[in-house]
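Peer 1: Dropping the structure in here first, questions after.
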Amino acid sequence: MDNFYLPKDLFWISLQHAFDLHEIYIRFRKSLVVKNISKKINLFITADSRYVLWINSTLICRGPSRSNPSNQIIDVIDITKYFTKGENIICVLVYQPGYSHFSYIHRATTGLLAYFILDNKFITTDKSWKASKDESFDSKVPRQSIYQSGVEKRDLRLDDKWLNNDYDSSNWEQARIVAEPFDYPWTNMSLRSLPLLKEKIADIELINVKENKSKVDGDTLNQHKWNNSNYLKNYKIYNGWYSVNNLNKNATYWLFDLNRGCSFQAIINFKNADGGELINIFYIEKLYKDQPYISDHNNYCKVRMYDQYTLGEGSQKIVPYNIRGGRFLILEIKNANKINFKIKVNISFYPLNKKKIQPIVKDKSLSNIRNICRNTFLGCLQDGFIDNPWRENAQWLGDALPQSYIMSSISNDFRPLKRIIDLAEEGIYPDNLLPSVVPSEAHSYSVLDYNFIWIELLDFYFFQTKDKDFIYGKTNIIKGLIENFKKYTDKDGLLISKPGKRLFLDWSLVSRNEPNAIYNFHYLYFLQKSQKIFNDIKYDYDLSKLIKTLKLNLIEKFFYNNIWYDDYGKSTFSQQSASFSILTEINEAKNVNSILSDITECSLNEGKKNKMILSSPFMHFYVFLALEKHDKFQDIIRIIKIKWGYWAKKKYPTTWENWNVDFPDGSQCHSFSAHPIYFINQYYEKLQLKKF
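The sequence shown begins at 45 in this note's numbering and counts up by one.
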């Protein structure tokens, strides 16, 4: 536990019926009288799973950051300026999905824990708080995707204005104490190491409006409905208010563009509503054939990125509980005779500090590429390194490696890197393998290769910080990983994937036959990085024999005619195998330049007749590391201008998940493919130092 004091009479609190946990929103209120505000007031607060905090009807913040329940994160917030002398009201709304997903681990309980000092007394979460289930939220909702929690479905006719200071909560139940601070599952706590996210209100541009005059049904907007609706021209705009009359309850679809992908929510004011109008807010990431791509929830990822609200009568404001993400937004408005609304967006962003001065890039193409990489990275920097703000909003261990390099090129803030290293360790499995999505219980997505990347993250963190104590504390994890993988070698001394675990390798069409050269090269790289870490911290652990044997086995089984094949049958040879051969220094000196040339030619579409398999944008990170190792920066820049230049020329604001994302729910804002910003900056920094 971090060095902070937990006061006496502090408890986790919840509802009296603390077992009704499926898609539930729990309201907490505390009234208190303030006599003196001469001292700073820091609020320590956490919740399972998420909270939003208001003081005197003012929204303060939301949290906590992602955490394992075994090490629950506590946010610290300066709330001094929100108090006034006299009566003050604290309101907290806690959301509990009732199940684990890709950024949360559920342990069949929920609660709020908070405390602060006021007038020299501790104010703590205890039985003096009032609690109530928010009945305006529907618990019978589907999940937004296989990765995320539920659709937010709310009936504003049931909103009783509980956030107002003059609200009467006397009929609410007394909060129930569900646990002491360190009771299971919250057996440890730590102060938040990442900064609280900031939020800002921004405009969003209307692109077009459609009207569906077909018979009203109970289904939400889908691709067929959008494609077969007519454009609506008779709407009006005045002082930011959109209006249209005489709809006869026909559905209308309002398409807006934020111009780049990021984490945000729609904030919508309505006036003159009849009551009963249905508002569906769809978060969209891309266009397909110049039309918004509306996900089909019957596809693999089961994506339905929308929230739903039913309006009450008169004026009201939709302020969603959750931050969502994407680039585009569609308002589907149903059951309305007239519409009158104003829309803004609330963007969530990481307060980046310790910024580095960026080298001047005079090449316009490279400057544009660097900008879209930066857009992508910042759009995916939240309470940690997330993969994309739309479909998943998940923190993958593998994705964090290129993200860490990107961060190092624009800032000296290494907290997100340190955080994901710790989160992975906290979630380690009994067999000493690490989770691939943190924090989560996505066991079927346990990627073997990402265990290797955790070591690379550790090595990069040490390179940046020289924090020997932190690294030394991970030595048992490193040794556990080494011992685990040693169990899964075949008769030829090559690594075979553990049954039940996922072998990723890449999105590209490389051979997955085993023994696999890519997997074994990555294993060799992992062993070499582990040995380097042990040497750096002067820890006595020798892997030289294991490394030497693996090198000999790789050469014997996969190297033929100066080509590194991916399997015994020579079915494919890939940039990945070739790049890892460079990174692991397995090649004879006379072969290095020709292998580097083949790697470069593959990316420039000048490959050999029996064509080398092109790596995905993600795995081009290793391609560039291999070229960088031999100062082939000119080749790196050529590749970036060709491959990433396509997106820049087409004016895409962010980098894609893959070279082609026409597959269902493919993402056009994925952080692992934004790594060229690091290599562009490295290139220009070396130019300025005249190292070329």
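C-beta atoms are modelled at their ideal positions from N, C-alpha and C, and glycine is treated no differently.
On the CB-based measure, 16 or more other CB atoms within 10 Å of its CB, does L97 come out buried or exposed?
Peer 2: It is buried - the Cβ of L97 has at least 16 other Cβ atoms within 10 Å.
Peer 1: Going straight from the alpha carbon of G369 to that of P433, what length do you get?
Peer 2: For G369 and P433, the distance between alpha carbons rounds to 5 Å.
Peer 1: What's the C-alpha gap between Y690 and F393?
Peer 2: Using only the alpha carbons, I get a separation of about 27 Å.
Peer 1: Classify R110 as helix, strand or coil using the three-state DSSP reduction.
Peer 2: Residue state, collapsed to three classes: coil.
Peer 1: Return helix, strand or coil for I123, following the three-state DSSP convention.
Peer 2: Correct three-state label for I123: coil.
Peer 1: Between which two residues does the beta strand (DSSP E) containing F166 stretch?
Peer 2: Note, F166: beta strand (DSSP E), K165 to T168.
Peer 1: Do three or more CB pairs link the stretch 147-158 to the stretch 56-65 at distances below 8 Å?
Peer 2: Result yes; three or more Cβ-Cβ pairs closer than 8 Å.
Peer 1: Count the other CB atoms, across all protein chains shown, that sit within 10 Å of the CB of Y727; report buried if there are 16 or more and exposed otherwise.
Peer 2: By the neighbour-count rule (16 or more Cβ atoms within 10 Å), Y727 is buried.
Peer 1: Count Cβ pairs between the stretch 362-381 and the stretch 321-339 that sit closer than 8 Å; are there 3 or more?
Peer 2: In short, these stretches touch, since the Cβ pair count reaches three.
Peer 1: What number of angstroms, rounded off, separates the C-alpha of H719 from the C-alpha of Q447?
Peer 2: Straight-line Cα distance between these residues: approximately 7 Å.
Peer 1: For K535 and L422, what's the separation of their Cα atoms in angstroms?
Peer 2: So the two alpha carbons sit approximately 47 Å from each other.
Peer 1: To the nearest angstrom, report how far apart M45 and R201 are at their CA atoms.
Peer 2: In this prediction, M45 has a pLDDT of 47, which is less than 50 and means its spatial position is unreliable; what the coordinates show is noted afterwards. Using only the alpha carbons, I get a separation of about 44 Å.
Peer 1: Assign V77 to buried or exposed, taking buried as 16 or more other Cβ atoms, counted over all protein chains shown, within 10 Å of its Cβ.
Peer 2: Its Cβ having fewer than 16 others within 10 Å, V77 is exposed.
Peer 1: Applying the criterion that 16 or more other CB atoms from any shown protein chain within 10 Å of the CB defines a buried residue, is G284 buried or exposed?
Peer 2: It counts as exposed.
Peer 1: For the putative contact between N390 and E243, defined by C-beta atoms under 8 Å, what is the C-beta separation to the nearest angstrom?
Peer 2: N390 to E243, Cβ: 5 Å. Contact.
Peer 1: Where K595 and F565 are concerned, what is the direct C-alpha to C-alpha distance, given to the nearest angstrom?
Peer 2: Answer to the nearest angstrom: the Cα atoms are 9 Å apart.
Peer 1: Counting along the chain, where does the beta strand (DSSP E) carrying D227 start and finish?
Peer 2: Per DSSP, D227 belongs to no beta strand (DSSP E) and is neither H nor E.
Peer 1: Out of K125, N115, I626 and Y286, which one is the CA nearest neighbour of L87?
Peer 2: Of K125, N115, I626 and Y286, the residue nearest in Cα terms is K125.
Peer 1: Please work out which residues of its chain come closer than 6 Å, Cβ to Cβ, to D92, disregarding the five sequence neighbours upstream and downstream, and give them in chain order.
Peer 2: T154 and G155.
Peer 1: Just curious, the alpha helix (DSSP H) that A561 is in, first and last residue?
Peer 2: Per DSSP, A561 belongs to the alpha helix (DSSP H) from A561 to D580.
Peer 1: State the beta-bridge partners of G428 as determined by DSSP.
Peer 2: Paired residues: Q426.
Peer 1: Exposed or buried, what is F504 when buried is set at 16 or more other beta-carbons lying within 10 Å of its beta-carbon?
Peer 2: So F504 ends up on the buried side.
Peer 1: Taking C135 as the reference, give the member of N100, S144 and F160 with the closest Cα.
Peer 2: Considering only alpha carbons, the answer is N100.
Peer 1: Taking S180 as part of the beta strand (DSSP E), name the residues at either end of that continuous run.
Peer 2: Per DSSP, S180 belongs to no beta strand (DSSP E) and is neither H nor E.
Peer 1: Determine whether the beta carbon atoms of S75 and I133 lie at a separation below 9 Å.
Peer 2: Contact flag set, yes.
Peer 1: In this structure, does DSSP put I99 in helix, strand or coil?
Peer 2: Correct three-state label for I99: strand.
Peer 1: Which residues in the same chain as V405 place their Cβ atom closer than 8 Å to its Cβ, once the five residues preceding and following it in sequence are excluded?
Peer 2: The residues are S411, R414, I724 and Y728.
Peer 1: Beta-carbon within less than 6 Å of W703's beta-carbon, same chain only, minus the 5 sequence neighbours each way: which residues are those?
Peer 2: Cβ neighbours of W703 beyond the five flanking positions: none.
Peer 1: Write down every uninterrupted run of the alpha helix (DSSP H) in the stretch 485-511 whose length is 4 residues or greater and which is fully enclosed by it, in chain order.
Peer 2: Listed in chain order, the complete alpha helix (DSSP H) runs (minimum 4 residues) inside the stretch 485-511 are 492-509.
Peer 1: Applying the criterion that 16 or more other CB atoms from any shown protein chain within 10 Å of the CB defines a buried residue, is V120 buried or exposed?
Peer 2: Its Cβ having fewer than 16 others within 10 Å, V120 is exposed.
Peer 1: Suppose the cutoff is 8 Å on Cβ atoms and the five residues either side in sequence are ignored; what does the same chain contact list for I57 look like?
Peer 2: So the qualifying residues of the chain are F72, G155, L156, L157, T169, D170, K171, W173, A175, A219, R220, I221 and V222.
Peer 1: Among E255, M451, S213 and I630, which has the Cα closest to the Cα of T296?
Peer 2: If we check each option's Cα against that of T296, E255 comes out closest.
Peer 1: In whole angstroms, what separates the C-alpha of S717 from that of N209?
Peer 2: In a straight line, the C-alpha of S717 is about 48 Å away from that of N209.
Peer 1: N303 and R371 - do their beta-carbons sit closer together than 9 Å?
Peer 2: Yes.
Peer 1: Looking only at its own chain, which residues have a Cβ that is under 8 Å from the Cβ of N606, when we skip the five neighbours before and after it?
Peer 2: Excluding sequence neighbours, N606 sits near N635, S638 and I639.
Peer 1: Would you tell me roughly how many angstroms separate the C-alpha atoms of E330 and V347, rounded to the nearest one?
Peer 2: Residue identity differs from the one stated: residue 330 is Lys in this sequence, not Glu. The straight-line gap from Cα to Cα measures roughly 14 Å.
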